[in-house]
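Notes for the one structure printed next.
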Amino acid sequence: MEEKPKKVRDTATFFADDRMEFRPQAEGESTQLDKKTVGRSSFYKTKSEKEPQMVAHLSVPADSPDPVAQMQEDLALLTKGMETKTDVQPKGKLLVDEDGLRIFANNSRKTITVVQEIDLSAHPNYERFMLTQLQEIFKCFTIKETYLHRLANAAQKSSRR
């Protein structure tokens with residue numbers, strides 16, 4: 094049985110006089126710390142004195158029916174338990190921001206985004222609270238009716254093009 098050749102990472106320098114200098118990197122411990130893998134995807138921190146980084150490699154089979162969704166699912170699994178420091182905020186004009194309810198209208202994307210957050214310790218009867226928030230959504234739509242109709246008309250015109 095033939096032995097496989099040994100693979101070596103290196104740095105090659107090419108000089109103007111057609112010389113080449115080859116410097117193999119010393120074998121050592123991995124620079125990947127806290128590596129997690131899911132399927133073919135991985136997530137890890139790099140060990141570097143200058144600039145440590147967090148790296149995600151997302152790989153899915155080419156014949157996957159929905160590769161983007163599968164990559165998002167892999168990333169969610171790889172980063173499970175990690176806390177985010179910022180809340181992802183929808184873009185657009187803020188129409189309502191009260192008691193866990195935020196409504197945004199985005200002119201450029203022609204969308205309305207409703208974000209509901211229910212604090213169960215403050216609202217143990219969450220079904221009733223959700224109905225109250227639904228009434229607030231309808232109230233907002235009634236008050237901002239002219240603005241929202243213009244947004245809807247603009248969306249219809251852009252979809253016909």
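With positions in the sequence shown counted from 1, the corresponding number in the working numbering is that position plus 93. Backbone N, C-alpha and C define an ideal beta-carbon position, used for all residues, glycine too.
Contact check for K129 against L188 fails: the beta carbons are separated by 7 Å or more. With fewer than 16 neighbouring CB atoms inside 10 Å of its own CB, A215 falls in the exposed class.
In terms of Cβ geometry, G193 and I205 do not form a close pair [threshold 7 Å]. The three-state secondary structure of N199, taken from DSSP, is strand. Separation of Y137 and Q146 (C-alpha to C-alpha, rounded to the nearest whole angstrom) is 8 Å. With a threshold of 16 other beta carbon atoms within 10 Å, S152 falls short and is exposed. Within the DSSP secondary-structure output, E144 pairs in no beta bridge. Of Q249, F108 and M175, the smallest CA-CA separation from K203 is found for Q249. Cβ-Cβ separation between Y219 and L227: approximately 12 Å, too far for a contact (criterion under 8 Å).
Residue state for K99 is assigned as coil, using DSSP reduced to three classes. The Cβ atoms of E114 and T106 lie closer than 7 Å to each other. For R133, the closest C-alpha among the options L170, K140, T139 and M175 is that of L170. Using a 10 angstroms sphere on the CB of D103, the tally of other CB atoms stays under 16, which defines it as exposed.
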